[in-house]
Amino acid sequence: MNTKPNNSQHSPPTEPTSIANLLAEARRRLLAAGIESAGLEARLLVGYQLNMDATRLIAHGEQALSDDQIGAVRALINQRVDGVPVAYLLGQREFWSLPLRVDEYCLIPRPDTELLVERALGRLPDGPARVIDLGTGSGAIILALKSERPRIEAWASDTSSGALAIAAANARDLRLDVHWFRGHWLDAVSPRPWFDMIVSNPPYIGASDPHLEQGDLRFEPRSALVAAGSGLSDLATIVRQAGRCLRPGGWLLLEHGHTQAPLIRRMFEEHAFVAIASHRDPAGHERVTEGRLADE
Ligand code: GLN
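Residue 199 in this note's numbering sits at position 209 of the sequence shown; the count goes up by one each step and never skips.
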C-alpha cells in the first residue's frame, strides 16, 4: 500500500486526498443514496479497499492517498450507491459470530435466521445426531449448528452449485465438517428414517411481493427468495417430504414469512407432526415453526 504523502502539484486543494476526506465523501454519497448506516458502511468499504480496519482509518486520517487508491474506493462506493449489497462488496457477512463468505450465488444470511439456529440447538439431543439443512445457501445454518455441536453428523443440500461452492469454502475456512450434496429438497435422499433433525430457511416470498424491488433483495438470487403459490410451495414440499427421511420423534424446523405461521402449523398437523409451535422474532413476528414427527 502506498503510505507516502501525495505531493502532486496538480491536485486542487479541495480534492479529497486524505483518508479522512475520502471517508467524509463516501459517507455523504451513501447518505444521499438513502443509506441509513452511511457512516458505518463508509468505514467498512473504505477500510476494505485500503485494507485497514476502522481504528487504523481513524488514526491515519491525515494520510494522503494515491490516485489509484482514491479511484478504487470511489468505484466501490459507486457500486454501493447503485444498490449492490454491502455484504457482496465486502464478500463477507457475519452470522452466529462466524465470518462467512458470501457472493451473488447465495442469499446473504440474515440475523432473523439466528432464531432458527437457537430453536434447533434447543431441540438437538446432546449426543451424536444426524442433521440436514435444505437449501443451505452460504451454509449459514448448518455451519452455525456444527460449530456449536461438533458431534453432529452434518448434511446440507442446495440446487445451486454456486451456493454449494461458497458453502464448502466456508466450511473449509472454519474447519467444520459437512457433507454437501446437490439436490432439490429431499428428492435425492432415500426414503428411510435417517435424520434426527431437518432445518431449512427456504424461499418463501411470493413472486409479486413489492419487497423484491427493495434493498438487498434486488441483487440476491431469485431462486433463494421466491417460491410459487404466494411463497408457500417450497415450504409445503419440505413438510410433505420430511416424514420420509426423519426418524420418528425427529424434529423439523422451518423459517417462514411473518404471515405464514398458521398455514405452516396446519401443514405440520396434516403430516403427522406433534408438539408444533411457532416462535417469534424480536419484532414479535412468528418466523420459525417447529414440530416433532409422531412416534409410530
Ligand atoms: N440457508 C441459507 C440462509 O439461511 C440460505 C437460505 C435461502 O437461500 N433461502 O441464509
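Glycine included, each C-beta is placed from N, C-alpha and C at the ideal position.
Which residues DSSP lists as bridging residue i, in chain order
i	result
F185	L236
Q82	R91
E143	R120
S54	The sequence given here has Ala at residue 54, not Ser. Paired residue(s): S8.
W241	M187, R282
D148	R172
Assigned secondary structure, residue i (DSSP; H/G/I helix, E/B strand, else coil)
i	result
D116	coil
P89	strand
I98	coil
A265	strand
I48	helix
H169	strand
D72	coil
I131	helix
V179	coil
R270	strand
E276	strand
I195	strand
Own chain, CB closer than 6 Å to residue i, minus 5 neighbours either side, in chain order
i	result
A232	I188, L242
G173	S147
Local Cβ density within 10 Å of residue i, reported as buried at 16 or more and exposed below that
i	result
E280	buried
D72	exposed
V264	exposed
F171	exposed
Q204	exposed
E276	buried
A284	exposed
G125	buried
E31	buried
M257	buried
Close beta carbons around residue i, own chain, < 7 Å, minus the five adjacent residues each side
i	result
L34	V76, L80
E210	L97, I98
A110	L135, M187, V189, L243
N160	L90, R91, S128, G129, L133
Validate contact between the segment 134 to 151 and the segment 106 to 123 using beta carbons, cut 8 Å, 3 pairs: yes
message: Counting beta carbon pairs with one atom in the segment 28 to 40 and one in the segment 76 to 90, are three or more of them shorter than 8 Å?
response: yes
field: Pocket of the ligand MN (residues with CB nearer than 6 Å to any heavy atom), chain order
entry: The ligand MN is not among the ligands present in this structure, which contains only the ligand GLN.
- prompt: Counting pairs of Cβ atoms below 8 Å between the segment 16 to 23 and the segment 40 to 58, do you hit three or more?
  reply: no
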